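Below is one structure, written out as structure tokens, with a few remarks after it.
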Amino acid sequence: MKRTYYLLSVMFIILSLFTVVSAQNNPLVIPGEVKAMDTPNDSADGYTVYWPVSPSDGEGVYYLVSTSSSPEGPFTPLTRLDSRLKLASENKATFGFSSKNEKLHYIEITVPKDEHCRPLIWYTQIAISRDSEVIPLGGPVTAKVVSNWFKFNKFNNLVITLFLFLTIYYFIQRAHKDPNLFIRRIPGLEAIEEAVGRATEMGKPLLYITGAYDIDAVSTIASVNILSHVSKKVASYDSRIIIPCRFAIAMTVCQEVVKEAYLNIGRPDAFNVHDIFYVTSDQFGYTAAVDGLMVREKPAANFFLGTFAAESIILSETGASTGAIQIAGTDSTYQLPFFIVSCDYTLIGEELYAASAYLSREPKLLGSLRGQDIGKIMMVLVILLACLLLTLHNYFDFEWFLFLKNFMTAI
Amino acid sequence: MPLQQLLGIWIAAGLTLAIYSFLYKDNPAYKFAEHIYVGITAGYALCTAWYNVIEPNLISELLKANWHNPFTALIMTWTVIAPALLGILMFSRFFSKASWVSRIPIAFVIGAGAGISVPNTVQAYLIKHTSATFAPLIPKEAIAWSNIMDFINPLIVVLGVISVLIYFFFSIEQKNGLKTVSWIGIIFLMIFFGASFGYTVMGRVSLVIGRVRFLITDWFPLITNLLGLGS
Amino acid sequence: MGIIQKVLNVDRRVIYLIVFLAVAIPIIFPLNLPVTLTEEVMGVYNEIENLPEGSPILIAVDYEPSSSPELNPMTRAILKHCFKKNLRVVTTTIWPTDGSGGSIADKLVEEEARIAGKIRGKDFVNLGFKTGSYAVVIGMGEDFKKTFPKDFNGNVLDKLEILNGTHSNGNSESSLPNAAFSQDARAKKINSLKDFSYMVCIHDDSSVFTWITYGYERYGIKIGTGCTAVMAPGNYPSLQAKQITGIIGGLKGASEYEKLMNYRGEGARGMDSQSVIHVFIIILIFLGNLTYFILERKKTVRG
Amino acid sequence: MDFFKRQLPTLLVLVLGLGMIIQYYIPTTFSQQVLKNVNLWIQIIAAFTLCIGITSLLRTHYTKIRLQHSGWAYSIILYIVFIAMVILGFYRGIQEGTPFRWLFDYVQTPLSSTTFSLTAFFICSAAYRAFRARTMEATIMLIAAIIVMIGRIPFGDMLSAYLPSFIPGFNDMAGWIFNTPGMAARRAILLGISLGGIATSLRIILGIERSYQGKD
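Residue numbers (our numbering), protein chains in the order written: chain A, 5 to 415; chain B, 1410 to 1640; chain C, 64 to 366; chain D, 4 to 219.
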């Protein structure tokens, strides 16, 4: 990193000195050939024009870009590029990681379309200029614009997604054969039984909140999965669970889940659909209503599981003031400190997603936890290996020492 | 001041105080404000769902189509008719016998949500944050004392990320060396929680400042005017 | 024992009352505490400061009315800066799920423009709010005017000077070949997110990640962020990963920006209340721990 | 029948889940169109479902009024406000300058700002009640919180000016705690969450986790 800065600044100083000296006497140096290629990873939007840097590049030197529908012109000006900027090395999605890209300029040209949405043939002319001096760089260029079928810049994403999917799937399958997996204790989840028991003893209801997002968020689905276990306990203890909802789809899903729990226990008559109700989608309107509910119903236990925003501390402190046992779990990192301070148990981040596997003890789900752990081990190894390679790269200037860093770079 | 604004400020001030009264204890004023709040936001949600979603995306699309030729009109508008049908399937919730039908639109929402989230999560979190952690373990050349933290900080980050990740291991018993590493992870977590808590205070106090400023600069002058104390 | 016990079990309502007074008193009697500048805020300021005159800048006012006491001061300061630099200011709102629908942005930009003497449609435009979060960002990246055919007040966007740029005609081109290009920033048409020189996302929720994932990752728009103090730590990883250029965090950030713009506004004044409350909480924590330890010690002595 | 009740939803989840994952890697116009439409569809389904939610809300309060449960008068207020909002919204629109906006500006906005501001009061009481140095971990959290709180106010800046800055980079302690150890922990939490989210998504897509479906 340091070295690149150093190199760049030296380059910059040399270049600017060069231009200061050359500004008066030396003519503009025309760099090599201008080329064009279809812009990869897009849907027939346009093409990319690139050309080598010129020794004249520096302050006051610009590249003028003009476009036209015909190679003869007339060309209309599109934009003016500072010759010190727009190096191909900035656009890794198109040019990759080669160090040669620092010697290329580029510009992406968006091509207009005809009435059938087909791209027109479109010409681009590049010229180098300083003050009133303008020299075109060869003739106009064009490239065939095609719709690409794969985002090669997301190749690393695909590999990682596939790896995770296969690993997790493999461990799910393996769990069938060997169901006795070790899982470390998660205290927050063991407290669920205690909370339901206490509510039953006190003859008070439980309150369950699935978070700030509708059911299309994975955190809400994770929360609903935990609800399915909690409600089974509730049904078997003959306690009562209240679920105020912020989203209607989530409400219908919660109703299904709790109903199933009562069916499983064999007491469908005890299920009261009106305990699972919609309040309002407004963040604080909902919070105000749930606060009121807490101080009036005085639930014996509160569950806050899912994604939460600023309402976390309002809900959990009001809950604490009513003396309820509180179990929270969230993937919203900013809200974790508040839950930790004012709740009895807090599931941190990933524990929320692990909870349904932990509670159900179902081999398939436990297997997926194993898969997650392998994912984490891989991440640790990747980080360590990449750090090692970067260190080596400091001493031996092989480009392939950077392959892991390049592979893990989002472009 | 126009009457509606005058009235508005009085109502807003009253509701502000009603909500704050909850800090003392639950009381009729709070209950009043709470029920107004729920009612108004529910009405707001319904109206905005209509004006922002249904009207521009469904109704106007349907009206745009040329229904003299129903077949082509259907083909043109199927992308909005289909979700409307899925939405209508949700109404099967009102009939307990048929309520399972609502599983189809729910499955649509859940399936799409899960699918969209995977590659985006990999991109925005896994790839981004893993690669941002990479750092050389030994500096290339001797570094000046004043820049020493530039070198040490990334290493602290590496240690923190790895130890917290290890703390999250579920299926491996944490003993001996692993226990020490995960303890370091806990320390990092606690530092983060404390720092995050400390930083948040400021934002929350800003909100009280906003309300107090409203009461003092907008509402108090009205009271003094009313009492004839204003200049 | 009695006093300590009392302090330990102090009614939470006493704390609430002190909090309220601690906020109210400095608002009535300002303390004028000094403001120091941080790198994070400079990261946004410098980017805007270095833009050539006439550059298009996008300001995403992605917060709900409930966050406006914290975020309005910084939005004002940034708008003042943009107008002072004669930038072309485009405001939009993609986030509030149940919020203002673009009216916060409209009020602020209108007020600041009036002070700076700027004209709607020529120097600034408010696009208003559109639902769909990331779909809107993608839409803006693909075809700006199709996504927002009209602005907040119903003007057809295609006709507005601000988006089409002050394009010089052919005559000037022939006399001075460079002229058609030299006004580059001012002449630049806005057809896509790519055409903006910079954007500032002011947010109270995770909308910045939508802008980063779709605006920055796909269309390469440079982003600066302003956010509530609580969101600020969440933006640091993005800052470190160079996805964003700077962070203006809460009132503190706003007070710094106000200092850079040479005035003491709501941000700086709010910081007075902040200071009092922060000190109060620290005293509370000390007091709580002190009484707790005295009690613990007494217990062990007796035991 | 069982096919429609069980297999069809599971199949739909599988097809859509995998479809949307594949969509991410394809840049064609068609693929973009699919993403746009799916998002639109979710919005439209949610808008329809909102009616079910509102019905649920109104029914709850109707029952309260009918049975004259305690506080039933408040439910009448809820009804009045709700109906007023809907009628005004549909009759005069929701733009700036309408009565709908007026209600939003002078009723809903102060209510939400005030409720939001309650957080400050609760944070103070939580800090007093729960920030006790009981264990070493709790002490570290407490110290980090105090350092950051001092560091973020002008008072902290004054203080740090007097502190010797012999260790470079430590003139902004609060900033350092955030940017370095704090960020490391948050980054790791986020990495864990993404793994958990991906695993949960996979279990849902493959139909291994179906508790959200309920039973007949």
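Glycine included, every Cβ here is placed at the ideal spot set by N, Cα and C. Here the structure is a predicted model, which is why all the values come from computation and not from measurement.
To which residues of the same chain is residue i closer than 6 Å at the C-beta, ignoring the five residues directly before and after it?
i	result
glutamine 339 (chain A)	Phe312 and Ser316
leucine 1415 (chain B)	none
leucine 121 (chain C)	Val153, Phe259 and Met262
glycine 328 (chain C)	Pro136 and Glu321
What does residue i reach in chain C if we use C-beta pairs closer than 7 Å?
i	result
phenylalanine 119 (chain D)	Ser129
Kindly indicate which residue of the options has the alpha-carbon position closest to the one of residue i.
i	options	result
valine 1518 (chain B)	D:Leu70, D:Ile97 and D:Val18	D:Val18
serine 360 (chain A)	D:Gly199, D:Gly96 and D:Ile208	D:Gly199
aspartate 125 (chain C)	C:Ile81, C:Ile88 and C:Leu134	C:Leu134
alanine 191 (chain D)	C:Pro300, C:Ser255, C:Ile346 and C:Phe83	C:Pro300
tyrosine 1429 (chain B)	D:Thr142, D:Phe124 and D:Leu205	D:Phe124
valine 1617 (chain B)	C:Glu116, C:Glu205 and C:Ser131	C:Ser131
glycine 296 (chain A)	B:Ala1422, B:Thr1425 and B:His1444	B:His1444
leucine 210 (chain A)	A:Thr326, A:Lys104 and A:Val222	A:Thr326
proline 140 (chain A)	A:Val283, A:Pro183 and A:Ile34	A:Ile34
glutamate 103 (chain C)	C:Lys208, C:Arg151, C:Glu205 and C:Gly289	C:Gly289
serine 47 (chain A)	A:Val384, A:Gly142, A:Gln177 and A:Lys117	A:Lys117
lysine 208 (chain A)	A:Arg244, A:Gly375 and A:Phe167	A:Arg244
leucine 60 (chain D)	A:Phe251, A:Ile331, A:Ala199 and A:Glu301	A:Phe251
List the residues of chain B whose Cβ lies closer than 7 Å to the Cβ of residue i, in chain order.
i	result
phenylalanine 187 (chain C)	Residues of chain B passing the Cβ test: none, with the nearest at roughly 24 Å.
serine 336 (chain C)	Val1614 and Ile1618
Less than 8 Å between the C-beta atoms of residue i and residue j, yes or no?
i	j	result
valine 86 (chain C)	valine 1621 (chain B)	yes
aspartate 242 (chain A)	alanine 274 (chain A)	yes
leucine 91 (chain A)	valine 69 (chain A)	no
valine 53 (chain A)	isoleucine 111 (chain A)	yes
threonine 203 (chain D)	alanine 226 (chain A)	yes
methionine 23 (chain D)	glycine 1496 (chain B)	no
serine 1572 (chain B)	leucine 373 (chain A)	no
alanine 304 (chain A)	methionine 206 (chain A)	yes
aspartate 305 (chain C)	tyrosine 282 (chain C)	A small fix is needed here, since residue 305 (chain C) is lysine in this sequence, not aspartate. No, the pair does not count as a contact, with Cβ atoms beyond the cut-off.
leucine 193 (chain A)	leucine 363 (chain A)	yes
asparagine 1466 (chain B)	valine 1489 (chain B)	yes
isoleucine 1600 (chain B)	glycine 185 (chain D)	yes
threonine 32 (chain D)	serine 151 (chain A)	yes
glycine 1522 (chain B)	aspartate 335 (chain A)	no
threonine 52 (chain D)	methionine 1558 (chain B)	no
isoleucine 149 (chain D)	isoleucine 81 (chain C)	no
Excluding five sequence neighbours on each side, which residues of the same chain lie with their C-beta closer than 7 Å to the C-beta of residue i?
i	result
cysteine 258 (chain A)	Thr214, Val228, Leu231, Ile247, Cys249 and Ile280
leucine 314 (chain C)	Glu133, Pro136, Gly330, Gly333, Met334 and Gln337
alanine 414 (chain A)	none
alanine 1485 (chain B)	The question names alanine, but residue 1485 (chain B) is methionine in the sequence shown. So the list reads Ala1474, once near-sequence residues are dropped.
alanine 147 (chain A)	Ala40, Met41, Asp42 and Tyr51
asparagine 234 (chain C)	In this prediction, asparagine 234 (chain C) has a pLDDT of 37, which is less than 50 and means its spatial position is unreliable; what the coordinates show is noted afterwards. So no residue of the chain qualifies.
In chain B, what lies closer than 8 Å to residue i by C-beta?
i	result
arginine 76 (chain C)	Leu1432 and Tyr1433
phenylalanine 186 (chain A)	Ser1580, Ile1581 and Glu1582
Taking C-beta pairs closer than 9 Å, name the residues in chain A that residue i reaches, listed in chain order.
i	result
glutamate 280 (chain C)	Ala414 and Ile415
glutamine 216 (chain D)	Val257, Glu260, Val261 and Glu264
List, in chain order, every chain D residue whose beta-carbon is nearer than 8 Å to that of residue i.
i	result
lysine 158 (chain A)	Tyr27 and Tyr28
Going along chain D in order, which residues have a C-beta closer than 7 Å to the C-beta of residue i?
i	result
lysine 305 (chain C)	What lysine 305 (chain C) touches in chain D: nothing, since even the nearest Cβ is about 14 Å away.
serine 166 (chain C)	Glu99
Residue i versus chain D: which residues are under 9 Å apart at the beta carbon?
i	result
glutamine 376 (chain A)	Gly195, Leu198, Gly199, Ile201 and Ala202
Determine the chain A residues that contact residue i at a beta-carbon separation under 7 Å, and present them in chain order.
i	result
phenylalanine 93 (chain D)	Those within 7 Å of phenylalanine 93 (chain D) in chain A number zero; the least Cβ separation is about 18 Å.
**OP:** May I ask you to list, following chain order, the residues of the segment 181 to 198 of chain D that have a beta carbon less than 9 Å from some beta carbon of chain C?
**Re:** Phe181, Asn182, Gly185, Met186, Arg189, Arg190 and Leu193
Subject >> Where the segment 332 to 348 of chain A meets chain C: residues whose CB sits under 8 Å from a CB there >> reply: Thr337 and Tyr338
**OP:** Taking only beta carbons into account, state which residues of the segment 1556 to 1585 of chain B come closer than 8 Å to chain A, listed in chain order.
**Re:** Val1567, Val1570, Ile1571, Leu1574, Ile1575, Phe1577, Phe1578, Phe1579, Ser1580, Ile1581, Glu1582 and Gln1583
Subject >> Within 8 Å of chain D by C-beta, residues of the segment 1435 to 1446 of chain B in sequence order >> reply: Lys1440, Phe1441, Ala1442, Glu1443, His1444, Ile1445 and Tyr1446
Subject >> Residues within the segment 10 to 44 of chain D neighbouring chain A, beta-carbon criterion of under 9 Å >> reply: Ile24, Tyr27, Tyr28, Ile29, Pro30, Thr31, Thr32, Phe33, Ser34 and Gln35
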